[in-house]
Structure formats: C-alpha cells, structure tokens
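First residue of the sequence shown? That's 1 in UniProt numbering, and the numbers climb one at a time after it. The beta-carbon is built from N, C-alpha and C at its ideal position, and this holds for glycine as well.
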Amino acid sequence: MSITVVVVDDESLVASSLSTLLDLEDDLRVVATLGSGEDLLSWWDAAAADDAAHRADVVVMDLQLGGIDGVETARRLAQQAGETPAVLIVTSHGRPRELRQALAAGIPGFVRKTSTAAEFATAVRAVHAGRRYIDPDLAAAAISADESPLTDREVEVLEAAGRGGSVEQIAATVHLAPGTTRNYLSSAMGKTGAATRFEAWRIARERDWL
C-alpha cells in the first residue's frame, strides 16, 4: 500500500522536482502538486467531500509560501481536518526559530530543501508512521541558539523593516499605527544594541532570532 503525498510549494519548478523525486520511491505516490496553502485547504475540502478518496497521508509543504505560510497552513489544516495531519515542512533557510514555531504547531517533520532524495523519502515515511523527523543540523543549531528576547510583535515588525521602506510603509505591512510601529522598532533596537532598525534586523538574523 503506497503512502499518498501532496506537495505544496509556490515555486513550480521546485514543486514539480520534489514531486518527481518522491514518486520515484516504490512506496510513495504523489496525488497532487499545489502552489499555495490556500490551494491545499481547498483541495483538502474537496477530498473530504469525495469521501477522502484522494486525501493525502502526508503533506510536504514549503515554509515560505506566497500567501499564508507553511506553519499557519498546517494550523488551519488541523482545525479543518479535526486532527493534526502528518506534515513535513521544507525550507531553504532552516532557522532555529522557525523550527520552534513548527514544533509548537504540532508539525512532526522539518527538513532543508538541500536534503537528499533519500532523506526526503525517509522523512515522509517517518511522519507517516507518527514519528518526528527533524533535520539533524537544524536540531543541533536550535539547541545551541540563544533564547530570543524579542516578542512576536517585535519579530514581525523587524522582519518587515528588513525589507526596507519607511516607518509608515512598515506599519501598513504589519497593520499597526506608525507610532506603535516606532515603539516596537525602538524596543527591538534596544534589545539588539543596534543604532538603526536595519542593523537591528541584521543582528537579529545573525543570532537566529528571526
């Protein structure tokens, strides 16, 4: 009996390549290749309406998607499905903070996009069997990383600041008032010891706080 898999990645070339790699395994079968978290939630609903005839055993999903990200998609999928599905998050970055977020959301698998085909297949089998599979290098980095002093809001504002733009533009991105945004940026700069908001973003990235 094959393990059925759905692959979700907003880079079509990556999605199709990963689907092809997994399909080469005798015990794995990719039943859908999708481009966003929203597409996955719609596809899952349709599968449920069809008596789960095409629902996947494992969701292999990129962390950074164009709409809602992989962790938030997994959270919504768990609410929609009424249970925590077997999700394997793949990422190009693999920062300790992202791993902690995934684990907090109940996601059992987290691997880098640079993993080998054999590692991907092993990870899919592990989460399907109800076990955790965490990239060993990332797990080691998460254990050794300093605990971040930044709040979730400070992280959100700093990440927006790292993309550039005025305080007003950053405020619009994070849906806060400019004055409130300035306060969060000032607090983050104080915690990082930075003189500018962009320097605060850089320091936080180097320390794996973002």
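Does L185 come out as helix, strand or coil in the three-state DSSP assignment?
Sequence index remark: in the sequence shown, residue 185 carries index 185 (1-based). In the structure shown, L185 sits in a helix (DSSP, three-state: H, G or I).
Kindly indicate which three-state DSSP category D62 falls into: helix, strand or coil?
What you label residue 62 is simply residue 62 of the sequence shown in a count that begins at 1. Three-state DSSP puts D62 in a strand.
Three-state secondary structure (DSSP) of R100:
The count along the sequence shown starts at 1 and reaches residue 100 at position 100. Of the three classes helix, strand and coil, the one that applies to R100 here is helix, per DSSP.
Taking only three categories from DSSP, how would you classify G179?
In the sequence shown, the residue the question calls residue 179 occupies position 179. The answer is helix: DSSP assigns G179 an H, G or I state.
Helix, strand or coil for residue 233? Go by DSSP, reduced to three states.
The structure shown does not extend to residue 233, since the chain spans only 1 to 210, so no value can be given for it.
Opposing strand residues paired with G109 [DSSP bridges]:
Reading the sequence shown from its first residue, position 109 is the one you call residue 109. The partner list for G109 (beta bridge, DSSP) reads L88, Y133.
Helix, strand or coil: which one does DSSP assign to L34?
One-based indexing of the sequence shown puts residue 34 at position 34. Of the three classes helix, strand and coil, the one that applies to L34 here is strand, per DSSP.
L24 versus V30: straight-line alpha-carbon distance, rounded:
Numbered from its first residue, the sequence shown carries residue 24 at position 24. Numbered from its first residue, the sequence shown carries residue 30 at position 30. Looking at the two C-alpha atoms, the distance is approximately 10 angstroms.
Note down the Cα distance separating R100 from T122, rounded to an integer number of angstroms.
Here the question's residue 100 lines up with position 100 in the sequence shown. Here the question's residue 122 lines up with position 122 in the sequence shown. A straight line joining the alpha-carbon of R100 with that of T122 spans about 21 angstroms.
Comparing C-alpha positions only, which one of A47, L21, S16, A46 sits nearest to L34?
By one-based count along the sequence shown, residue 34 stands at place 34. Checking every option, the nearest Cα to that of L34 belongs to S16.
Can the beta-carbon of G106 be found closer than 7 angstroms to that of L88?
Start at 1 with the first residue of the sequence shown, and residue 106 comes out as number 106. Start at 1 with the first residue of the sequence shown, and residue 88 comes out as number 88. If you check the CB distance, G106 and L88 do not come in under 7 angstroms.
If we count Cβ pairs, one from each stretch, closer than 8 angstroms, do we get three or more for the region 123-139 versus the region 149-158?
no
Kindly list the residues whose CB is nearer than 7 angstroms to the CB of residue 211, restricted to its own chain and excluding five residues on each side of it in sequence; keep chain order.
This structure cannot settle anything about residue 211, because the visible part of the chain is limited to 1 through 210.
Going by the DSSP bridge assignment, what does I3 pair with across the sheet?
For the purposes of this step, residue 3 is taken as the residue at position 3 of the sequence shown. Answer is L28, bridged to I3.
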